[in-house]
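This note's numbering applies: residue 8 is where the sequence shown begins, and numbers increase by one.
These notes are about the structure you will find just below.
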Amino acid sequence: MTTVGQEQEQEQPTRPALEMVGVRKVYKMGDEEVVALDHATLMIGADEVVALLGPSGSGKTTLCSIAGGLLAPTAGSVVVGGQDITGYNAKRLAKFRQETVGFVFQSVNLVPFLTARENLLVVDQLGRRTGKAARDRADQLLEELGLADRRDNLPSQLSGGQRQRVAIGRSLMNEPLLVLFDEPTSALDTELGEQVMELIRTEMKSRGTAAVVVTHDERIVHYTDRTMHIVDGVLHA
Ligand SMILES: Nc1ncnc2c1ncn2[C@@H]1O[C@H](COP(=O)(O)OP(=O)(O)O)[C@@H](O)[C@H]1O
Ligand SMILES: [Mg+2]
């Protein structure tokens with residue numbers, strides 16, 4: 008598949024994975040307004056793994072949701088892999104999310120009545136891979152994540168760490184250029200949390216995929232290339 012544009016002809020695409028400029032998000036609740044994010048300007052390199060560290064309520068989930076096209080900013084611009092998604096309507100955003108980004112949430116959100124493998128294949132039914140290619144990719148990811156022998160287990164038959172690994176596999180199914188991890192380790196104990204972080208780092212680095220890892224846990228920063236801090240909706244490099 009070829010894409011028009013001179014930049015695409017370079018062997019190594021060097022476009023940043025994420026560029027946000029002056030992003031502001033105001034939530035309206037009745038008469039009240041909450042400024043969840045303000046003047047957020049940041050750049051994440053094509054293969055950078057960055058921690059976003061901040062206390063509860065500081066705007067971390069809001070920032071991730073905007074970066075991943077789940078939420079529209081009130082002001083400012085969002086460009087992902089050179090694609091300016093700022094003015095996208097719901098339909099284009101859905102397509103963008105399907106093709107370009109991956110999400111891993113704290114709550115994991117696996118489909119309870121599907122096996123580990125089927126949870127990976129769900130993405131595919133929404134996306135572009137079909138049939139054998141998708142099954143092969145799911146199996147390869149499960150293998151890499153140390154879940155080959157858990158392929159046919161339901162989420163309820165998996166440990167918390169294993170479920171989180173399935174969620175990581177699912178986020179990688181569509182070969183995203185940016186994966187957004189929202190507190191991926193907060194439901195895990197220290198040792199499991201460190202294993203999952205190690206895995207996230209290895210998986211991102213081996214693919215050259217960029218990631219934002221949201222956390223309020225200082226220990227996470229040892230696994231990332233760089234840390235951004237957020238306090239009361241304001242980013243500090
Ligand atoms: N849907 C919403 N409606 C109103 N306020 C919200 C909504 N989502 C988040 N907020 C508020 O925005 C601020 C940032 O929230 P959030 O991005 O979830 O922070 P974090 O993920 O760091 O805990 C908080 O004050 C929160 O209460
Ligand atoms: Mg949050």
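Beta carbons are placed, not taken as given, at the ideal position from N, Cα and C, and that holds for glycine.
- Shown here, residue 141 sits in a helix according to DSSP, grouped into three states.
- Of 96, 98, 187 and 173, the smallest CA-CA separation from residue 125 is found for 173.
- Looking at the DSSP output, residue 226 shares a beta bridge with no other residue.
- Judged by DSSP secondary structure, residue 214 falls within the alpha helix (DSSP H) whose first and last residues are 197-214.
- Excluding sequence positions up to five before and after residue 63, its CB lies within less than 7 Å of the CB of 223, all in the same chain and listed in chain order.
- By DSSP's assignment, residue 179 forms no beta bridge with any residue.
- 8 Å or more divides the Cβ of residue 129 from the Cβ of residue 107.
- Using a C-beta cut-off of 8 Å, the segment 146-166 makes no contact with the segment 93-105, since fewer than three inter-stretch Cβ pairs fall below that distance.
- Unbroken beta strand (DSSP E) stretches of 3 residues or longer found wholly inside the segment 63-137: 82-87 and 108-112, given in chain order.
- A Cβ-Cβ separation of about 6 Å places residue 61 in contact with residue 238 under the 8 Å criterion.
- Looking at the backbone, the Cα of residue 78 and that of residue 197 are separated by about 31 Å.
- Here residue 235 is near residue 59, since their CB atoms are less than 8 Å apart.
- In the three-state reduction of the DSSP assignment, residue 45 falls in the strand class, which pools E and B.
- Set against 7 Å, the gap from the CB of residue 43 to the closest heavy atom of ligand 1 is smaller.
- For the options 127, 141, 205 and 27, the alpha carbon positioned closest to that of residue 109 is the one of 127.
- The beta carbon of residue 71 is closer than 6 Å to those of 187, 189 and 221 in its chain, skipping five residues each way along the sequence.
- 111 is the residue among 111, 119, 32 and 73 whose C-alpha sits nearest the C-alpha of residue 193.
- Beta-bridge partners assigned by DSSP to residue 234: 58.
- For residue 123, the closest C-alpha among the options 102, 166, 93 and 83 is that of 166.
- Annotated three-state conformation of residue 190 is coil, per DSSP.
- Residue 158 sits in coil when the DSSP states are folded into three classes, being neither helix nor strand.
- Contact check for residue 43 against residue 34 passes: the beta carbons are separated by less than 8 Å.
- DSSP places residue 185 in the strand class (E or B) of the three-state scheme.
- As computed with DSSP, residue 151 is found in no beta bridge at all.
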